[in-house]
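Quick notes on the structure that follows.
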């Protein structure tokens, strides 16, 4: 007899589950004392490039909370360094050679991830040996548009006006760059799949900077190209268009099995837009973890109620966890989601 | 015979207009050389507190572009200083005494604007003498929730996690603070109306940090209280819930005649949600001003097409103009909106 599928993978495929699976965006991070202890010894970049340490911090939250999935500890910028990008962290990404003219785009090459990021693939191999079967490993990459934002802007920004201006001023070059990033990310994700990850997630952190028209004409074709490059892999694919409330009609065409929903859109409204052919992941406001326990419980119940009884819901935050969060609030969250959904079958 | 109403005021009231009126959020600012010249001599805070200079920079863009409205040069934080808040700009607002505990809320008093911000009222009086009749003067204030964000967080932030945590952890105190801000802003806006402004706008720059549930339970009652405090004034009221795509069903209950729409939601979709009882203002992506003229023209036409032929559209950007914008692109925008809508009657 075949062993039952772990609930996280079952929910991604909209199969019935014994309870609603839960994991937390940026679950490995500074809010955990055990993570901070590792970071006392090494800086962020070294941590992402040292397979044993990256694996260790990936496992920490699974061990502490009994989460239903693990997500590889890495950074969305990691694979672009090998494309010819001067990358530092201070603490956000800083690009030494931002793309400002069409000719800068030619500089970027699509590299072989086995040569440029072997440490990522090694971390995955370690993790597949060490993680419990109940916590499938998620590999990930940045969406082409989100990587574009950093590469053109040169780092983080409130408005990413240089990146957005480049779209409007140089649409043809912008498409060349987006396509190159799309191909690189497809190769990167495929390499992660071959190394053993059990699901793949694409983070489009800056999707919400675009109107539906620009999303449809620039970001969507690029991310679709990435997902098309993963055809034939038997892994659930997750797409998270952050702040994408107005983009979901288009985002569901990206080709993912699961759409991540930020906290701004109640899941019932997201389901009404995306239909029942994709699963949804989300979407507790990370600030709710600062509420007293009874109020936090009310917020958790509200997300579960919004998700409804139909299959295909993975509980998560609607954005990354804040570094000042109390780990005990996360433990409460994970336990309540499990307890309150056990036996729902949905 | 009564003189015809200026197009901006007519559009706010959903009356027919000879052409679509246009103004630009943050139209007085650093992208204008004549503004930078004034700022070489005085700092931002001094500028907001010197009526002659505030009036001069308010008029500059009207003079240069022939805009259909002027907006008072000031800052949303200006009226909170008189409530007992230690305020500096560096360059964004920095609060010396942020509100972190329920007892901090009691410190804030509702002050008389005539005593705390006489310079604002004087600037309005100067402007009513100097502005052409074709450019009605808009007064403004921050929405209670947006002011709350700064007062609790202590300054600008990407996530305003301290402000949002306060909502979740101390909901009763949060409501007391929101109500106090609501009353103060009603008094402040009423004083502006008495000094002569011809429309009033409430900026809820951080509305988009809230889910519909939190918006409905905290931000909306407060901003509604502000608008209720303006009853009896015969002025159009404008509410801009920035990044509020998921909040519009609720935002239309705030009590404004006009809703500002950011660039993320096409105006036809906004109109479908808010109905025909309110006018809409927006919503060109500020990044479109960096496009070559023909592409910018396409973007302008797209906003006009989305707004549709029915009355009640004020053309604007979907967010504040960027300081690196070319003033000639703004001139092009204003001229095209006028030219392409002349004789539409809607």
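Protein chains in written order, with our numbering: chain A, 2 to 347; chain B, 2 to 347.
Virtual Cβ for every residue (Gly too), placed ideally from N, Cα, C.
Just so it is clear, the structure is predicted and the values come from calculations on it, not from any experiment.
For a contact meaning CB atoms closer than 7 Å, what does residue i contact in chain A?
{"i": "residue 286 (chain B)", "result": "212"}
{"i": "residue 120 (chain B)", "result": "By Cβ distance, chain A contributes nothing, its closest Cβ being about 29 Å from residue 120 (chain B), past 7 Å."}
Look at the alpha carbon of residue i and the alpha carbon of residue j, and state the distance between them as a whole number of angstroms.
{"i": "residue 347 (chain B)", "j": "residue 276 (chain B)", "result": "Since pLDDT at residue 347 (chain B) reaches only 45, below the 50 mark, its modelled position is unreliable, and the value read off the structure follows with that caveat. Rounded to whole angstroms, residue 347 (chain B) to residue 276 (chain B) spans 16 Å at the Cα level."}
{"i": "residue 179 (chain A)", "j": "residue 104 (chain B)", "result": "52 Å"}
{"i": "residue 137 (chain A)", "j": "residue 9 (chain A)", "result": "7 Å"}
{"i": "residue 55 (chain B)", "j": "residue 6 (chain B)", "result": "26 Å"}
{"i": "residue 141 (chain A)", "j": "residue 121 (chain A)", "result": "11 Å"}
{"i": "residue 291 (chain B)", "j": "residue 146 (chain A)", "result": "18 Å"}
{"i": "residue 343 (chain A)", "j": "residue 337 (chain A)", "result": "10 Å"}
{"i": "residue 283 (chain A)", "j": "residue 241 (chain A)", "result": "10 Å"}
{"i": "residue 253 (chain A)", "j": "residue 331 (chain A)", "result": "29 Å"}
{"i": "residue 161 (chain A)", "j": "residue 204 (chain B)", "result": "22 Å"}
{"i": "residue 202 (chain A)", "j": "residue 15 (chain B)", "result": "46 Å"}
{"i": "residue 127 (chain A)", "j": "residue 48 (chain A)", "result": "15 Å"}
{"i": "residue 40 (chain B)", "j": "residue 75 (chain B)", "result": "14 Å"}
{"i": "residue 304 (chain A)", "j": "residue 245 (chain B)", "result": "20 Å"}
{"i": "residue 206 (chain A)", "j": "residue 216 (chain A)", "result": "13 Å"}
{"i": "residue 1 (chain A)", "j": "residue 114 (chain A)", "result": "Any property of residue 1 (chain A) remains undetermined from this structure, which presents chain A solely from 2 to 347."}
{"i": "residue 18 (chain A)", "j": "residue 57 (chain A)", "result": "28 Å"}
{"i": "residue 4 (chain A)", "j": "residue 237 (chain A)", "result": "18 Å"}
{"i": "residue 135 (chain B)", "j": "residue 265 (chain A)", "result": "39 Å"}
{"i": "residue 301 (chain A)", "j": "residue 270 (chain A)", "result": "17 Å"}
{"i": "residue 98 (chain B)", "j": "residue 87 (chain B)", "result": "6 Å"}
{"i": "residue 250 (chain A)", "j": "residue 208 (chain A)", "result": "13 Å"}
{"i": "residue 1 (chain A)", "j": "residue 231 (chain B)", "result": "An answer regarding residue 1 (chain A) cannot be provided, because it is not within the stretch 2 to 347 covered by chain A."}
{"i": "residue 171 (chain B)", "j": "residue 297 (chain A)", "result": "12 Å"}
{"i": "residue 132 (chain B)", "j": "residue 219 (chain B)", "result": "38 Å"}
{"i": "residue 294 (chain B)", "j": "residue 169 (chain A)", "result": "10 Å"}
{"i": "residue 129 (chain B)", "j": "residue 63 (chain B)", "result": "13 Å"}
{"i": "residue 258 (chain A)", "j": "residue 13 (chain A)", "result": "7 Å"}
In its own chain, which residues sit with a C-beta less than 7 Å from the C-beta of residue i, not counting the 5 before and 5 after it?
{"i": "residue 164 (chain A)", "result": "149, 150, 153, 154"}
{"i": "residue 108 (chain A)", "result": "85"}
{"i": "residue 156 (chain B)", "result": "93, 94, 95, 96"}
{"i": "residue 324 (chain B)", "result": "30, 31, 32"}
{"i": "residue 36 (chain B)", "result": "29, 30, 58, 61"}
{"i": "residue 26 (chain B)", "result": "317, 318, 320, 321, 322"}
{"i": "residue 196 (chain B)", "result": "122, 125, 126"}
{"i": "residue 66 (chain A)", "result": "331, 332, 335"}
From the DSSP output, which residues share a beta bridge with residue i?
{"i": "residue 240 (chain A)", "result": "A:203, A:260"}
{"i": "residue 280 (chain A)", "result": "A:259"}
{"i": "residue 94 (chain A)", "result": "A:90"}
{"i": "residue 140 (chain A)", "result": "A:201"}
{"i": "residue 316 (chain B)", "result": "B:23, B:283"}
{"i": "residue 83 (chain A)", "result": "Residue 83 (chain A) is not bridged to any residue."}
{"i": "residue 71 (chain A)", "result": "A:138"}
{"i": "residue 156 (chain A)", "result": "A:95"}
Going along chain B in order, which residues have a C-beta closer than 7 Å to the C-beta of residue i?
{"i": "residue 246 (chain A)", "result": "246, 247"}
{"i": "residue 166 (chain A)", "result": "288, 291"}
Name the chain A residues that come within less than 8 Å of residue i, Cβ to Cβ?
{"i": "residue 112 (chain B)", "result": "Near residue 112 (chain B) there are no residues of chain A at all, since even the closest Cβ is about 30 Å away, more than 8 Å."}
Tell me which same chain residues have a C-beta within less than 6 Å of the C-beta of residue i, skipping the five on either side of it?
{"i": "residue 227 (chain A)", "result": "183, 186, 187"}
{"i": "residue 139 (chain A)", "result": "70, 72, 200, 202"}
{"i": "residue 117 (chain A)", "result": "83"}
Under 8 Å Cβ to Cβ from residue i, same chain only, skipping five residues before and after it: list those, please.
{"i": "residue 326 (chain A)", "result": "32, 287, 290, 291"}
{"i": "residue 111 (chain B)", "result": "84, 181, 184, 185, 188"}
{"i": "residue 351 (chain B)", "result": "The structure shown does not extend to residue 351 (chain B), since chain B is modelled only from 2 through 347, so no value can be given for it."}
Given 7 Å as the limit, tell me if residue i has its C-beta closer than that to any heavy atom belonging to the ligand SAM.
{"i": "residue 222 (chain B)", "result": "With respect to small molecules bound, the structure shown includes none, and the ligand SAM cannot be examined in it."}
Using the beta-carbon of each residue, which ones in chain A are nearer than 9 Å to residue i?
{"i": "residue 169 (chain B)", "result": "286, 288, 289, 290, 291, 292, 293, 296, 297, 300"}
Counting only Cβ-Cβ distances shorter than 8 Å, please list the residues of the segment 132 to 164 of chain B near chain A, keeping chain order. 159, 160, 162
Please identify, using Cβ separations under 7 Å, the residues of the segment 255 to 284 of chain B that lie next to chain A, in order along the chain. 264, 265, 266, 267
Please list, in chain order, the residues of the segment 284 to 311 of chain B that have any C-beta partner in chain A closer than 9 Å. 284, 286, 287, 288, 289, 290, 291, 292, 293, 296, 297, 300, 303
Proximal residues, the segment 175 to 209 of chain B versus chain A, C-beta separation under 8 Å: 209
Chain-ordered residues of the segment 323 to 336 of chain B with a beta carbon less than 8 Å from chain A: 323, 325
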